[in-house]
Amino acid sequence: DLEGGDFETAHAMLTADRGGRDPVPTSWRELAELVFGAFSAASAAACARQARRGGLFAIIEGLPAALSPEEIARLRAKEEEKRMEGSRRAEFIAALRAAVKEKSGGAALRDAADGARFVAELEGFALGSQDRCAIAAEAGIAETREAVHQILIDAGLWRRSANPWPARAGCALKPPRLEFPERERPGLKPGRADLRAQDSYAIDNAWSTDPDDAIGFDGERVWVHVADPAAYISPDSPIDAEALSRGATLYLPEKIVPMLPEGAVGRLGLGLGEVSPALSFGMKVAADGGIEDTVIAPSDVCVRRFSYETADEALAAGDATLAALDAIARVRHARRLANGAVDIDLPEVSLKVDGEAVRFVAVPSTRSADIVREMMLLAGEAAARWAYERKLPFTYSSQEAPQVSRGLSRSGDGEEPLSLQYLRRKGMKASIVGTECLAHQGLGLSFYSQVTSPLRRYQDLLAHHQLRALIQGEGAVPLSADEVARRCFIAGQGSSATRQAERDSRLHWVAFYLAEHPDWVGKAIVLDAREQDYWIIVPEFGIEASIRTRLTLAPDDRLDVRAARVSLALNDITFEPAQ
Numbered sequence: 003d004l005e006g007g008d009f010e011t012a013h014a015m016l017t018a019d020r021g022g023r024d025p026v027p028t029s030w031r032e033l034a035e036l037v038f039g040a041f042s043a044a045s046a047a048a049c050a051r052q053a054r055r056g057g058l059f060a061i062i063e064g065l066p067a068a069l070s071p072e073e074i075a076r077l078r079a080k081e082e083e084k085r086m087e088g089s090r091r092a093e094f095i096a097a098l099r100a101a102v103k104e105k106s107g108g109a110a111l112r113d114a115a116d117g118a119r120f121v122a123e124l125e126g127f128a129l130g131s132q133d134r135c136a137i138a139a140e141a142g143i144a145e146t147r148e149a150v151h152q153i154l155i156d157a158g159l160w161r162r163s164a165n166p167w168p169a170r171a172g173c174a175l176k177p178p179r180l181e182f183p184e185r186e187r188p189g190l191k192p193g194r195a196d197l198r199a200q201d202s203y204a205i206d207n208a209w210s211t212d213p214d215d216a217i218g219f220d221g222e223r224v225w226v227h228v229a230d231p232a233a234y235i236s237p238d239s240p241i242d243a244e245a246l247s248r249g250a251t252l253y254l255p256e257k258i259v260p261m262l263p264e265g266a267v268g269r270l271g272l273g274l275g276e277v278s279p280a281l282s283f284g285m286k287v288a289a290d291g292g293i294e295d296t297v298i299a300p301s302d303v304c305v306r307r308f309s310y311e312t313a314d315e316a317l318a319a320g321d322a323t324l325a326a327l328d329a330i331a332r333v334r335h336a337r338r339l340a341n342g343a344v345d346i347d348l349p350e351v352s353l354k355v356d357g358e359a360v361r362f363v364a365v366p367s368t369r370s371a372d373i374v375r376e377m378m379l380l381a382g383e384a385a386a387r388w389a390y391e392r393k394l395p396f397t398y399s400s401q402e403a404p405q406v407s408r409g410l411s412r413s414g415d416g417e418e419p420l421s422l423q424y425l426r427r428k429g430m431k432a433s434i435v436g437t438e439c440l441a442h443q444g445l446g447l448s449f450y451s452q453v454t455s456p457l458r459r460y461q462d463l464l465a466h467h468q469l470r471a472l473i474q475g476e477g478a479v480p481l482s483a484d485e486v487a488r489r490c491f492i493a494g495q496g497s498s499a500t501r502q503a504e505r506d507s508r509l510h511w512v513a514f515y516l517a518e519h520p521d522w523v524g525k526a527i528v529l530d531a532r533e534q535d536y537w538i539i540v541p542e543f544g545i546e547a548s549i550r551t552r553l554t555l556a557p558d559d560r561l562d563v564r565a566a567r568v569s570l571a572l573n574d575i576t577f578e579p580a581q
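Okay, structure coming up:
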């Protein structure tokens with residue numbers, strides 16, 4: 003191999019008196035003769051190596067070219083920036099390792115030169131907004147979201163309470179940045195029925211902030227009044243498009259992220275104002291629980307808000323409306339059970355977070371909750387039948403028959419063991435929302451649609467759009483079956499992500515609580531026994547988990563458990579017997 007050669011002189015000779023920034027082309031022979039004084043295979047190869055390295059020359063379309071001074075300066079600046087970037091990344095990685103070792107230093111890492119940029123790269127990967135994380139790979143960290151999550155905690159960049167799961171699921175974490183209309187859409191017909199004199203109750207958990215349904219009885223019809231956002235937003239509006247992309251309101255222990263703009267609940271929540279606009283479903287119910295007739299009409303209603311507990315007190319005190327609804331609810335429930343419905347009653351716990359204070363509130367079983375559930379199912383059946391009879395493209399909910407023996411599906415008169423509830427749930431099939439009208443066999447209904455939560459579920463709002471278009475008439479055109487199916491699919495994807503985020507967030511906060519309370523010991527109940535691997539429920543938290551033990555246990559046995567291992571990054575809790 004030839005060594006030496008005067009490449010700088012050759013470059014100067016080629017670019018002399020050649021202004022501009024364009025490369026000066028030459029040939030391998032000319033370049034070799036200028037550099038080495040002679041052309042040979044060895045001199046040409048040496049020139050090619052120099053050109054590939056860059057600096058003074060480059061290879062353009064297979065031939066050498068002398069670069070202009072401006073281009074040389076640009077390339078040298080780029081090379082220097084690359085060297086400096088490597089130096090800054092190396093310094094950050096060293097500081098990150100030191101912070102992990104000391105379990106502190108997160109603020110200093112962010113404040114260091116370009117530190118905020120590198121931290122943002124780690125956080126973006128951990129939150130799921132980017133698919134790769136070069137800084138993690140360079141630092142020798144496994145390029146997984148869980149590993150980077152753990153590093154962020156260990157380095158003091160994230161608090162242990164940081165909840166990445168909604169972002170990873172792709173959920174929107176802020177309300178829609180749109181103004182909700184102050185008035186109804188112009189030209190809506192018919193007007194609103196005046197149902198203000200009727201006793202109407204919105205019954206929900208005491209902490210509920212978005213009441214979107216209420217129930218009443220006028221002596222002839224059961225009434226289910228539902229918030230009426232479709233009167234304010236059209237199916238082709240930006241607000242509707244945003245709601246479709248989200249699919250549902252996101253309920254997290256630490257906050258609620260609404261599906262609709264923030265003004266919607268204040269304007270439409272039933273009972274939040276003296277008079278509430280509603281879309282009302284009025285059903286005549288036969289003695290055997292069947293639906294004889296249904297009317298659906300926009301209305302004005304006056305609604306009183308009750309918690310489940312206060313509603314139970316009113317029922318016990320002889321409230322005539324609640325007593326009538328209770329009698330109808332019992333008939334409806336018996337009818338659904340006879341049609342194969344499956345009741346599932348597992349402990350329900352509300353989890354609330356304020357800052358880093360985690361609070362678990364057991365949700366009591368109330369008669370009023372049973373009444374409300376039956377009335378919502380009644381409205382869902384009535385709406386589905388009404389739409390089907392009129393050949394309206396609609397959002398029907400269906401479910402295949404559960405794989406549960408008929409004896410297990412019925413609720414007994416007394417308290418039933420949790421293992422039985424678990425077996426019922428285990429046999430349930432996934433429900434499906436689409437334009438095909440099929441039976442919802444888990445509910446024991448031949449027709450069913452979800453229509454009672456349009457403020458928080460897009461598929462309910464879509465049903466309202468269709469109902470309103472048909473009720474209004476006079477040129478109003480419902481969406482086509484294909485468009486309804488398309489929107490059901492998109493909303494279903496958003497709802498699925500929302501449910502996953504809610505499940506993961508709940509487990510995260512339980513894990514955080516246990517990490518903060520390492521001495522916690524609580525009760526667990528065995529739901530299923532599988533040799534030495536048992537499936538348990540921890541009623542205090544309302545979560546289920548697997549536990550391995552040499553103890554011999556049977557379904558519904560109770561035992562004390564503790565958290566043997568808690569991983570916030572993996573969102574995993576390993577329980578073990580406390581004794």
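For the sequence shown, the numbering used here begins at 3 and goes up steadily by one. Idealized CB from N, CA, C, for every residue including glycine.
Rounded straight-line distance, which links the Cα of phenylalanine 120 to that of glutamate 93: 11 Å
Cβ separation of proline 507 and proline 255, assumed to be a contact under 8 Å, to the nearest whole Å: The sequence shown places serine at residue 507, rather than the proline named in the question. So it is a contact: roughly 6 Å between Cβ atoms.
Pair within 8 Å by beta-carbon distance, valine 568 and glutamate 578: no
is_contact[alanine 556, chain C] using C-beta, thresh 8 Å: The structure shown has no chain C; it contains just one protein chain.
Arginine 459 versus valine 224: straight-line alpha-carbon distance, rounded: 23 Å
Range covered by the beta strand (DSSP E) that runs through methionine 285: 278-287
Among Lys105, Gly39, Lys191, nearest to proline 596 - alpha-carbon criterion: This structure cannot settle anything about residue 596, because the visible part of the chain is limited to 3 through 581.
Top-ranked residue by Cα proximity to leucine 58, from Leu572, Ser42, Ala46, Arg76: The candidate whose alpha carbon is nearest that of leucine 58 is Arg76.
Integer-rounded CB distance, given that alanine 503 should sit under 8 Å from leucine 570: That belief does not hold up - the Cβ atoms of leucine 570 and alanine 503 are roughly 16 Å apart, past 8 Å.
Terminal residues of the alpha helix (DSSP H) in which glutamine 401 lies: Annotation: glutamine 401 is outside any alpha helix (DSSP H); the continuous beta strand (DSSP E) that includes it extends over 398-401.
For cysteine 439, the nearest candidate out of Arg392, Glu418, Leu425 (CA to CA): The shortest Cα separation from cysteine 439 among Arg392, Glu418, Leu425 belongs to Arg392.
Histidine 151 - DSSP class collapsed to helix/strand/coil: Annotated three-state conformation of histidine 151 is helix, per DSSP.
Sequence-distant residues of the same chain with beta carbon closer than 6 Å to proline 183, five excluded per side: Tyr234
8 Å contact criterion, which valine 453 and histidine 467 should meet: CB distance rounded: Rounded, the Cβ-Cβ distance is 11 Å, inconsistent with contact.
At least 3 beta-carbon pairs within less than 8 Å: the region 307-314 vs the region 356-373: yes
CA-to-CA distance, arginine 550 to threonine 296, given in whole angstroms: Distance between the alpha carbons of threonine 296 and arginine 550: 54 Å.
C-alpha gap between isoleucine 539 and leucine 175, whole angstroms: Each residue's Cα considered, the two are about 30 Å apart.
Close Cβ partners of aspartate 242 (< 6 Å) along its chain, the five nearest in sequence each way excluded: Ile235
Cα-Cα separation, valine 26 to alanine 141: 43 Å
Complete runs of the beta strand (DSSP E) confined to the region 423-492 [at least 3 residues]: 433-436
Cα-Cα separation between alanine 68 and methionine 86, rounded to whole angstroms: 27 Å
Sequence-distant residues of its chain with Cβ nearer than 7 Å to arginine 338 (five each side left out): Once the five neighbours on either side are set aside, the close Cβ partners of arginine 338 are Leu445, Gly446, Leu447.
Given 8 Å, three or more beta-carbon pairs between the region 430-438 and the region 356-366: no
Neighbourhood of glutamate 186 by C-beta, 7 Å cutoff - its chain only, sequence neighbours within 5 removed: Ala233, Tyr234
Cβ-based burial, isoleucine 62 [other Cβ within 10 Å; buried from 16]: exposed
Cβ-Cβ separation, arginine 170 to glycine 130 (assumed contact under 8 Å), whole Å: 4 Å
Cα-Cα separation, glutamate 264 to lysine 84: 47 Å
Glutamine 443 versus glutamate 402 - alpha carbon distance: 6 Å
Valine 102: first and last residue of the uninterrupted alpha helix (DSSP H) it sits in: For valine 102, the uninterrupted alpha helix (DSSP H) run begins and ends at 71-104, by DSSP.
Exposure label - serine 45; buried when at least 16 CB within 10 Å: Looking at its Cβ environment, which holds 16 or more other Cβ atoms inside 10 Å, serine 45 is buried.
Span separating the alpha-carbon of glycine 436 from that of alanine 487: The alpha-carbon atoms of glycine 436 and alanine 487 are separated by roughly 6 Å.
C-alpha gap between serine 29 and serine 89, whole angstroms: 38 Å
Rounded straight-line distance, which links the Cα of aspartate 206 to that of leucine 272: 11 Å
Segments of 3+ residues assigned as beta strand (DSSP E) that fall wholly inside the region 198-234: 202-206, 215-219, 224-229
Pairwise C-alpha distance: glutamine 200 and cysteine 490: 34 Å
Beta-carbon separation (whole angstroms), serine 202 vs valine 305, contact threshold 8 Å: 5 Å
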